[in-house]
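Numbering (the numbering used here), first residue to last: 241 to 493.
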Amino acid sequence: MNNDTFSPTPPKGGLIGHRGIAAHAPENTLASFQLAAQQGIEWVEFDVRLTKDNGLVIFHDDKLERTSNGKGWVHEHTTEELLTLDAGSWFNPHFKDARIPVFEEILPQFLQLNLFLNIELKMPPKASLDHKKRLASTLTDILIRLWPFHHAWPLISSFDWDILAYVRELLPQAPIGFLQEKCTKTMIEMVSNTYNAALHCEYQSLTEEMLVLIKNKQIPVLAYTVNQPGIAKKLLSAGLYGLFSDDPQYLLS
Ligand code: G3P
Ligand code: MG
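This is how it looks when you write it as C-alpha cells:
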C-alpha cells in the first residue's frame, strides 16, 4: 500500500487549486495563487517550463498567445523578455499588471502564503533528452538551494515519466506524481509499488473497478480537472486523494 509512503498531507476538503484559481484570476499568476490562499485553499498546482536562458517560469502553454500579449514559443524567449509581458489582460483588464512568474522569485511568496505546491513540469513537443535533463536539474537545483528544511517538499509531477526519473535521482526526498490522461488499472498498481509517488489522472478515465481498487488499497490517486460538485462528491467518497479544480470554493459551497 503506497499511502504509507506518500508524504504530502491531503489537501483540505480534498481540493487543489488548478493553476492557482483559474476560474477567478489569470491562471498561473501571483494573483491566482494569492486568491487561492485567501479562499483557504491549502494546495495549488501550477506548470513550469524552461526559458531560452535556462530560467524557470510558471506558464501552462508551449506558446505565449493564449494567456499573454507575447508571441511564439516560451522556450525561445529569455526570462527578461517574458517578464515584460502582460499575463493578465487576456483574462480581464483588471489584471493588466499580472506578469509571468519566475519560479525562483515567487518562491518566498508561496512560503509566506503557506501553500503546498504541486509543480508540474512542462516541455515543448518533442523536447530533447537534454532539455528534459536541464528542466529537472534547474528545478531541483532551485529547491535544494532555497527550499526551507521545515516545509514539506513540493509534489513534482509530469506527463513525461522520464523526467520524473531524473527528478527522483536528483531529489529523492520529493514526492512525485505520474500524470496520465487515460489511466489504467496497471498504472494504479505500478504507483502503489513506487515509493512516495501518486498517479494523477483525467477523472473521466477512472472506471468503477479502478475506484474500488483505489479505495480498498488506499492508493494515492489524484484527478483533474473537476469543476462539477456532483462529480467531486462521488470521487472524494470513492477515496481519491485530491481533485484539481479551477474553482474549489464553488465545489466546497
Ligand atoms: O496537473 C493536473 C493538470 O494540470 C494537468 O493538465 O493541462 O491542466 O496542465 P494541464
Ligand atoms: Mg498542470
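Here a beta-carbon is modelled for each residue, glycine too, at the ideal position from N, C-alpha and C.
How is the alpha helix (DSSP H) around residue i delimited, first residue to last?
{"i": "W401", "result": "401-410"}
{"i": "D381", "result": "369-386"}
{"i": "Y490", "result": "488-492"}
{"i": "I256", "result": "Taken as a continuous stretch (DSSP letters only), I256 belongs to no alpha helix (DSSP H), being part of the beta strand (DSSP E) at 255-258."}
{"i": "L439", "result": "No alpha helix (DSSP H) holds L439; the beta strand (DSSP E) holding it covers 437-442."}
According to DSSP, simplified to helix, strand and coil, what is residue i?
{"i": "D244", "result": "helix"}
{"i": "I454", "result": "helix"}
{"i": "H334", "result": "helix"}
{"i": "K425", "result": "helix"}
{"i": "Q413", "result": "coil"}
{"i": "Q278", "result": "helix"}
{"i": "S432", "result": "helix"}
{"i": "E267", "result": "coil"}
{"i": "A478", "result": "coil"}
For residue i and residue j, I'd like the C-alpha separation in whole angstroms.
{"i": "P412", "j": "V461", "result": "20 Å"}
{"i": "I261", "j": "T434", "result": "30 Å"}
{"i": "Q349", "j": "Q420", "result": "30 Å"}
{"i": "G295", "j": "Y443", "result": "32 Å"}
{"i": "L361", "j": "I346", "result": "16 Å"}
{"i": "K292", "j": "S493", "result": "43 Å"}
{"i": "F305", "j": "R339", "result": "Looking at the sequence provided, one finds Glu at residue 305 rather than Phe. Whole-angstrom Cα-Cα distance: 14 Å."}
{"i": "V452", "j": "P415", "result": "24 Å"}
{"i": "V342", "j": "A438", "result": "26 Å"}
{"i": "K252", "j": "D244", "result": "19 Å"}
{"i": "E448", "j": "L325", "result": "45 Å"}
{"i": "M450", "j": "V431", "result": "13 Å"}
{"i": "G257", "j": "L476", "result": "15 Å"}
{"i": "W330", "j": "F484", "result": "23 Å"}
{"i": "I384", "j": "M363", "result": "21 Å"}
For residue i, count neighbouring C-beta atoms within 10 Å of its own C-beta (all shown protein chains included) and say buried if the count is 16 or more, exposed if not.
{"i": "H391", "result": "exposed"}
{"i": "W401", "result": "exposed"}
{"i": "V288", "result": "buried"}
{"i": "D370", "result": "exposed"}
Span of the beta strand (DSSP E) holding residue i?
{"i": "S499", "result": "Residue 499 lies beyond the residue range present for the chain, which begins at 241 and ends at 493; the question has no answer from this structure."}
{"i": "F356", "result": "356-361"}
{"i": "F511", "result": "Examination of residue 511 is not possible in this model, given that the chain is present from 241 through 493 alone."}
{"i": "L395", "result": "395-398"}
{"i": "I298", "result": "296-298"}
Taking one C-beta from the region 273-284 and one from the region 349-359 each time, how about it: are there three or more such pairs within less than 8 Å? yes
Sufficient close CB pairs (3 or more, under 8 Å) joining the region 246-255 to the region 310-321: no
Stretch-stretch touch, CB-based, cutoff 8 Å, three pairs: the region 421-433 with the region 386-397: no
Three CB pairs or more closer than 8 Å across the region 403-418 and the region 373-390: yes
Is there contact here, the region 263-281 with the region 446-457, by at least three beta-carbon pairs under 8 Å? no
Okay, do the region 483-493 and the region 464-473 touch, 3+ Cβ pairs below 8 Å being the bar? yes
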